[in-house]
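To start, the structure under review is shown below, and the notes come after it.
Numbering (the UniProt record's numbering), first residue to last: 1 to 399.
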């Protein structure tokens with residue numbers, strides 16, 4: 001058990017270190033690009049920073065193995081909306097991995113609870129990735145959802161919006177809607193606002209059904225946390241951090257629907273789809289596979305360390321090259337006859353490389369030595385100049 005916790009802690013530490021570096025890249029893009037070109041900023045943030053983060057994070061988790069059936073989105077240049085059943089906190093990871101397989105890891109936008117954006121490092125990153133955070137109060141969220149989706153459409157950004165629309169059995173009873181045993185019936189209010197906001201783009205809607213190996217039909221609740229009663233082998237973020245591989249392939253079924261088919265009767269559409277999920281999951285409990293006519297496609301996503309190498313190579317090069325770039329392109333200030341790289345160049349350089357200094361000890365030591373030498377040189381020359389002035393004054397007094 002101690003080894004299990006140590007392994008999880010080391011994995012989490014490694015993810016946080018790499019995510020901190022991604023945070024620095026995100027912050028630079030936010031400061032240097034977003035004020036001047038929001039569309040360019042969005043594309044750089046998603047197709048560079050976000051894609052890199054997914055590749056880097058994939059090296060810290062067990063290899064993702066999917067059994068995909070149906071029709072996944074295949075064109076990363078077109079916006080889509082993804083709706084799915086919600087089983088565990090790792091659901092989002094497998095959907096993101098499916099998008100990664102389709103070369104669309106940077107397209108993903110996830111609908112999350114508002115408090116998550118305040119989580120240090122990971123939450124900051126999700127916020128800068130421009131995910132949609134909701135307070136789960138429709139009177140406060142409605143206008144925010146509308147503005148968020150309309151900016152994506154106006155920027156012609158090919159978003160893949162992943163939303164978990166499940167509510168609760170009590171909600172279904174209150175609304176006089178069908179009660180299902182394997183899934184929680186979805187709410188429609190927020191989804192309707194999203195559809196209205198993206199009417200101009202008319203994205204296709206993909207209905208995703210996830211099922212994990214050893215699934216026996218247990219419907220998770222928030223109160224359960226990680227203490228499930230039956231489906232104890234279903235993967236969670238905790239088990240993934242510990243490097244625990246699921247017992248088999250994660251089953252993922254996808255079905256495409258046009259915007260018009262969904263928008264004309266959203267509640268009827270969702271009720272019908274969730275009844276299908278109920279039947280599909282019931283079949284999966286017995287056969288550990290979905291009832292599809294054609295065999296699923298087995299997908300093994302790579303976990304190459306190449307992304308980590310690219311990230312840390314960028315860190316090293318930035319730590320070495322950034323000071324020289326700042327000295328070349330920003331003005332120097334003359335202090336008492338000694339040229340020292342300060343002023344605007346020094347300020348910008350200090351701000352932009354603060355995180356790298358904290359992460360790279362050799363670079364920090366080098367900068368301290370350079371700064372100390374500069375200060376001592378300036379102090380020595382200033383002292384000599386002062387002594388020369390005093391000597392001249394004494395000579396005049398003696399004369």
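Backbone N, C-alpha and C fix where the C-beta goes; we use that ideal spot for every residue, glycine too.
Backbone CA spacing between residue i and residue j [nearest angstrom]
{"i": "residue 120", "j": "residue 208", "result": "30 Å"}
{"i": "residue 144", "j": "residue 131", "result": "12 Å"}
{"i": "residue 70", "j": "residue 80", "result": "16 Å"}
{"i": "residue 270", "j": "residue 6", "result": "43 Å"}
{"i": "residue 400", "j": "residue 65", "result": "Only positions 1 to 399 of the chain appear in this structure, which leaves residue 400 out of reach."}
{"i": "residue 18", "j": "residue 312", "result": "8 Å"}
{"i": "residue 310", "j": "residue 99", "result": "21 Å"}
{"i": "residue 302", "j": "residue 84", "result": "24 Å"}
{"i": "residue 244", "j": "residue 199", "result": "42 Å"}
{"i": "residue 262", "j": "residue 205", "result": "8 Å"}
{"i": "residue 8", "j": "residue 14", "result": "10 Å"}
Burial state of residue i, where buried means 16 or more other Cβ atoms lie within 10 Å
{"i": "residue 118", "result": "exposed"}
{"i": "residue 96", "result": "buried"}
{"i": "residue 191", "result": "buried"}
{"i": "residue 294", "result": "exposed"}
{"i": "residue 35", "result": "exposed"}
{"i": "residue 31", "result": "exposed"}
{"i": "residue 58", "result": "buried"}
{"i": "residue 217", "result": "exposed"}
{"i": "residue 44", "result": "buried"}
{"i": "residue 49", "result": "buried"}
{"i": "residue 253", "result": "buried"}
{"i": "residue 72", "result": "buried"}
{"i": "residue 23", "result": "buried"}
{"i": "residue 268", "result": "exposed"}
{"i": "residue 125", "result": "buried"}
{"i": "residue 182", "result": "buried"}
Rounded Cβ spacing between residue i and residue j (contact assumed at less than 8 Å)
{"i": "residue 56", "j": "residue 308", "result": "5 Å"}
{"i": "residue 105", "j": "residue 54", "result": "4 Å"}
{"i": "residue 211", "j": "residue 153", "result": "Residue 211 to residue 153, Cβ: 33 Å. No contact."}
{"i": "residue 291", "j": "residue 280", "result": "7 Å"}
{"i": "residue 60", "j": "residue 11", "result": "5 Å"}
{"i": "residue 296", "j": "residue 251", "result": "7 Å"}
{"i": "residue 235", "j": "residue 88", "result": "7 Å"}
{"i": "residue 407", "j": "residue 193", "result": "The shown model of the chain, from 1 to 399, leaves out residue 407, and the question about it has no answer."}
{"i": "residue 21", "j": "residue 315", "result": "6 Å"}
Residues sharing a beta bridge with residue i, DSSP
{"i": "residue 208", "result": "84 and 254"}
{"i": "residue 138", "result": "DSSP output for residue 138 lists no bridge partner at all."}
{"i": "residue 68", "result": "252 and 297"}
{"i": "residue 202", "result": "BP columns for residue 202 are empty, so no partner."}
{"i": "residue 111", "result": "132"}
{"i": "residue 143", "result": "Paired residue(s): none; residue 143 is not in a bridge."}
{"i": "residue 79", "result": "Bridge partners of residue 79: none, in fact."}
Could you give the uninterrupted runs of the alpha helix (DSSP H) lying entirely in the region 213-292, keeping only those of 4 residues or more?
With a minimum length of 4 residues, the unbroken runs of alpha helix (DSSP H) contained wholly in the region 213-292 fall at 237-241, 259-263 and 266-287.
What residue ranges within the region 13-38 form continuous beta strand (DSSP E) runs of no fewer than 3 residues, ordered along the chain?
Listed in chain order, there is nothing to give.
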